[in-house]
Structure formats: structure tokens, C-alpha cells
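One structure is given below, encoded as C-alpha cells.
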Amino acid sequence: MVIAPGASQATPVACGDLGSVADDDAVAVIGLAAVDGSGFAGIAYLTSDPGNPAQTLASVFLAEGMTGAE
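What follows is the structure in C-alpha cells.
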């Protein structure tokens, strides 16, 4: 998973490995690490859509300054 600031800005600020396995509640949490010294890190929370289990809902939580990079 690659996270960029917006559709017009393609430079990634964080990324994470999608190798996670969902738990019994169909939830997967993926750690997101800073890319190229961006200073942003966080998590992505993935779960199935209760209205359409064939779709996945994603919530991304990022914060600056959590990586120890200056």
C-alpha cells in the first residue's frame, strides 16, 4: 500500500506491506513507514464493507514526526 498526499501529488509519503492476514472479524491492520524521509508514519485499517462484503473499506491514519527522522 502506497500513500500519497493527493491525486495531483504522486510522490509517496508512506508505504506498507499488504502481507497481513485479516482476523476473525475480517480486519487487517497494516503498519505504514515513512518513504524518502517524509517523516510520516502510521497505520491502515482494512475491513470488509458490511453492506457489500466483496468490497474493502480502508481508513488511513498518518502523523508526522513519529519516525525519529528530522
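Residue numbers (the working numbering): 51 to 120. We treat Cβ as the ideally placed atom computed from N, Cα and C, and that holds for glycine. Note that the coordinates shown come from a computational prediction; the quantities given were computed from them, not determined experimentally.
Would you kindly work out how many angstroms separate the C-alpha atoms of residue i and residue j, rounded to a whole number?
| i | j | result |
| --- | --- | --- |
| Leu-82 | Ala-94 | 7 angstroms |
| Pro-103 | Thr-97 | 9 angstroms |
| Val-71 | Leu-107 | 15 angstroms |
| Val-77 | Pro-62 | 24 angstroms |
| Ile-53 | Ala-60 | 9 angstroms |
| Ala-84 | Ala-64 | 4 angstroms |
| Gly-101 | Pro-55 | 28 angstroms |
| Ser-58 | Asp-73 | 34 angstroms |
Here's a check: name, in chain order, each residue in its chain whose Cβ is nearer than 6 angstroms to the Cβ of residue i, leaving out the five neighbours to either side.
| i | result |
| --- | --- |
| Ser-109 | Tyr-95 |
| Phe-111 | Gly-92, Ile-93 |
Using the Cβ count rule (16 or more neighbours within 10 Å means buried), how would you classify residue i?
| i | result |
| --- | --- |
| Gly-66 | buried |
| Ala-113 | exposed |
Ordered along the chain, which non-local residues of its own chain (more than five positions away) have a Cβ less than 7 angstroms from that of residue i?
| i | result |
| --- | --- |
| Gly-115 | Gly-89 |
Could you name the residues that DSSP lists as bridge partners for residue i?
| i | result |
| --- | --- |
| Gln-59 | Gly-56 |
| Ala-108 | Leu-96 |
For residue i, collect the residues of the same chain with a Cβ closer than 8 angstroms to its Cβ; drop the 5 residues on either side in sequence, then sort them by chain order.
| i | result |
| --- | --- |
| Asp-75 | Thr-97 |
| Gln-105 | Ser-98, Asp-99 |
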